[in-house]
Structures are given as C-alpha cells and as structure tokens.
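Engineer: In case it helps, our numbering puts the sequence shown at residues 12 to 271. Even for Gly, the Cβ is constructed at its ideal location relative to N, Cα and C.
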Amino acid sequence: MLVKAGYEVNVVMTENATKLINPLIFETISQNKVYSDVYERDMDSQVKHIKLAKNADCFVIAPLTANTMAKIVHGIADNLITNIVLAHTKKMILVPSMNVNMYENPVTQKNIEALKERHIVLSPDYGRLACGDYGKGKFPTTERIFEEIESYFVKKDLLGKKVLIGNGATVEDIDPVRYISNYSSGKMGNELALCAKRRGADVKVVCGKVNSDYRKFGIEYIDVKTNEDMYNSLKENFDEADILIMPAAPVDFKVKIKRF
12 MLVKAGYEVN
22 VVMTENATKL
32 INPLIFETIS
42 QNKVYSDVYE
52 RDMDSQVKHI
62 KLAKNADCFV
72 IAPLTANTMA
82 KIVHGIADNL
92 ITNIVLAHTK
102 KMILVPSMNV
112 NMYENPVTQK
122 NIEALKERHI
132 VLSPDYGRLA
142 CGDYGKGKFP
152 TTERIFEEIE
162 SYFVKKDLLG
172 KKVLIGNGAT
182 VEDIDPVRYI
192 SNYSSGKMGN
202 ELALCAKRRG
212 ADVKVVCGKV
222 NSDYRKFGIE
232 YIDVKTNEDM
242 YNSLKENFDE
252 ADILIMPAAP
262 VDFKVKIKRF
C-alpha cells in the first residue's frame with residue numbers, strides 16, 4: 012500500500028520477527044534491503060542505526076510488542092529497532108498489538124501514556140486474537156495505519172479547532188415499509204471530515220443515511236434519521252463548533268400523516 016502510494020519504504024525487523032515472516036517478502040515488496048542486525052555494515056560503511064534514523068521522514072513501529080514498548084519507554088537499546096528509536100529525533104507512529112491481558116496490564120497502560128506524550132499511538136482493535144482470546148489488542152487494519160501515515164505529513168493548521176459536519180441523506184417514513192429519501196452517498200462529507208482530521212481538527216459528523224463512513228479513522232459520528240433529528244443534533248453541537256460544513260442532503264418532503 013505504501014509503495015503503491017509512492018513512498019520509499021525501508022523495513023527493519025527484530026530477530027524474532029524474522030522467525031515469523033521471511034525478510035525476503037518485505038525485500039521483494041519494498042525493493043529495498045531488510046535490516047535486522049545492528050552490527051551489519053552497508054557497503055558505504057555508515058553506522059546503520061544512525062543512517063536509518065536520519066533518513067526516515069516517518070518512523071512506524073507496527074506491531075509494537077509490550078516488550079519493545081517497555082524498552083522504548085526506559086531507553087533500552089539492545090537491538091536495531093531500539094537503537095534507531097534513540098537516534099530518531101522526530102515523532103513516531105506506534106501501533107501496539109498484543110494479548111488483551113498484556114494490553115490491559117497496568118504497566119503496559121502506564122507505558123502507553125508515557126509514549127503518548129511524545130509520539131502518536133494507535134489504539135488496537137477489538138476482536139479475536141492470535142491466542143484465541145477475545146478483547147482489545149488486535150492489530151489495526153492497514154487502512155488505519157496508512158491513514159495515520161498520510162495524516163502525519165499534513166500541516167496541522169486546524170489544530171485545536173472543532174469542525175461540525177452535516178452529512179448524508181435524511182429519511183422520512185411513509186409507513187413501516189416505505190420512506191422518502193434520496194441517493195446521497197455521503198462521500199463528500201466523509202472526505203471533508205477526513206481532510207479536517209488530517210489537518211488536526213476535532214471532527215464531529217452528524218450523519219444520516221450514507222453508503223460508508225470513516226469511524227475507523229477515529230472520527231466521531233452521530234447517527235440521525237429524519238430532518239428534525241439532524242436539525243436538533245446540529246443545533247445541540249453548534250455552539251462549541253468553530254467551523255460548520257453542510258454537505259448533507261435532507262429530504263424536501265415528509266408525509267403529513269404516517270400510516271403505521
């Protein structure tokens with residue numbers, strides 16, 4: 012996904028990671044050498060972890076294990092990745108993924124809070140984990156990680172601003188089977204919401220009937236149905252908003268007498 016989008020990708024793996032996935036896979040996809048040994052030197056004889064740290068515009072650790080997380084928090088550098096972390100001077104994108112009990116452990120939660128002070132930490136998804144347990148700790152979708160990387164490079168000129176968006180089609184019932192609505196997909200409102208979030212805004216979408224939404228990217232959606240529902244929800248959230256955007260498609264008619 013990153014390579015297709017035009018990014019130059021360099022992959023660094025821990026020794027344990029190479030036992031799970033063959034580095035050749037990443038070398039083939041990225042068309043770059045995969046690094047794992049802190050002592051291995053390139054042909055140009057540069058110190059590897061310093062070179063990789065300086066060359067990276069964005070450093071993503073995915074998945075971030077509880078072990079590596081603890082090492083980062085306490086400044087331990089005993090492998091190539093943790094050496095790069097200490098040499099990297101920019102904000103990182105960290106993607107924790109582990110067993111639910113490990114994730115909810117107070118020590119892990121304390122480490123996560125410490126990392127949030129300096130870096131971007133994506134919360135894991137909820138679902139079935141590799142061990143068979145169910146809970147929070149599942150590796151996020153690649154779409155979420157990709158969106159976070161895209162957002163990383165966008166100027167945060169809306170940081171601290173609250174954006175309220177009315178989006179999608181409303182629905183007015185005729186009877187239990189039929190209703191009045193329109194073909195609005197909600198796509199424009201979704202893209203406006205995503206753009207505002209990338210620019211640092213706190214985004215809230217009052218949303219009618221749409222084909223899809225961007226909740227997975229951390230955007231808050233308030234579901235509504237009728238024109239009156241949308242009006243009341245927008246009115247309720249209006250005073251706290253700095254910016255109001257209205258690509259919504261409310262219906263033009265409603266029945267005088269509903270047949271229920």
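Whose C-beta lies closer than 8 angstroms to the C-beta of V14 among residues of the same chain, with five residues either side of it excluded?
Structural biologist: Correct list, in chain order: V20, I40, S41, Q42.
Engineer: Tell me which residues share the same chain as I131 and place their Cβ nearer than 8 angstroms to its Cβ, disregarding the 5 neighbours each side in the sequence.
Structural biologist: Contacts found: K102, M103, I104, L105, E159, Y163.
Engineer: When you compare only the Cα positions, how much space is there between A73 and A141?
Structural biologist: Computed Cα separation, rounded: 16 angstroms.
Engineer: Given that a residue counts as buried once 16 or more other Cβ atoms are within 10 Å of its Cβ, and exposed if not, what is I95?
Structural biologist: The residue is buried, with at least 16 neighbouring Cβ atoms inside 10 Å.
Engineer: Consider the Cβ of C69: report whether some Cβ of chain C lies at a distance smaller than 8 angstroms.
Structural biologist: Although the question refers to chain C, the structure presented lacks it and comprises just one protein chain.
Engineer: What are the partner residues of C218, as DSSP defines its beta bridges?
Structural biologist: DSSP, once it has assigned bridges, lists N178, D234 as partnering C218.
Engineer: Would you report the Cα separation of I256 and N178, rounded to the nearest angstrom?
Structural biologist: Approximately 9 angstroms, taken between the alpha carbons.
Engineer: With DSSP as the reference, identify every bridge partner of D173, one or two as the case may be.
Structural biologist: Correcting the residue identity first, residue 173 is Lys in this sequence and not Asp. Answer is D213, bridged to K173.
Engineer: Report the rounded CA-to-CA distance for F249 versus E26, giving the unit in angstroms.
Structural biologist: Going by the C-alpha atoms only, they are around 53 angstroms apart.
Engineer: Mind checking who A3 pairs with in its DSSP beta bridge?
Structural biologist: With the chain running from 12 to 271 in the structure shown, residue 3 is simply not present.
Engineer: Considering only the alpha carbon of each residue, which of I191, G211, P135, I156 lies closest to V266?
Structural biologist: Nearest of I191, G211, P135, I156 to V266, Cα basis: I191.
Engineer: Could you spell out where the beta strand (DSSP E) holding I268 opens and where it closes?
Structural biologist: Run containing I268: none; DSSP gives neither H nor E here.
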